[in-house]
Amino acid sequence: MEDPREGPAPPPPEPEWKDIPSRVNHLTEDTFDEFMKTHDSVLVMFYAPWCGHCKAMKPAYMEAADELHGKNARSVLAAVDCTKEKSLGTKFDLEGFPTKTKNEGGLGRVLVDF
């Protein structure tokens, strides 16, 4: 018999997004600059795993990445976990999550924030 004072067991932890199969490219401090230089058009989602808006956006973002890949589009989608890659969040002066940025022309710099 269970002890009612213990309450229900906590839910299992969610897998990290990078561990879920998808066409979203998960970038780190070590891979970010080179990835931007080698891809013509990148939409990057800077996120925090605990953010409700980020969690809500994740399925559609993964679906969009799969669709772009299926159409052989020159654009790719990427994501950065700002709880782990803090220097990237600082570099781009992020004020909230999710933040999306777009890089065009493989220049390795952000041209549009939205």
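Letter 113 of the sequence shown, counting from 1, is numbered 113 in UniProt numbering, and no numbers are missing.
Ideal placement from N, C-alpha and C gives every residue a C-beta, glycine not left out.
Spatial neighbours of P10 in its chain, beta-carbon cut-off 7 Å, leaving aside the 5 residues before and after: none
Burial state of K58, where buried means 16 or more other Cβ atoms lie within 10 Å: buried
- prompt: If you run the structure through DSSP and keep just helix, strand and coil, what is T83?
  reply: coil
query: Under three-state DSSP, which class holds H26?
result: strand
task: Have a look at the DSSP bridge pairing and note the partners of E104.
output: S41
query: Going along the chain, which residues of its own chain have a beta-carbon closer than 7 Å to the beta-carbon of E29, five neighbours each way excluded?
result: E85, S87, L88
task: Taking only the alpha-carbon atoms, compute the straight-line gap between P12 and M62 and give it to the nearest angstrom.
output: 22 Å
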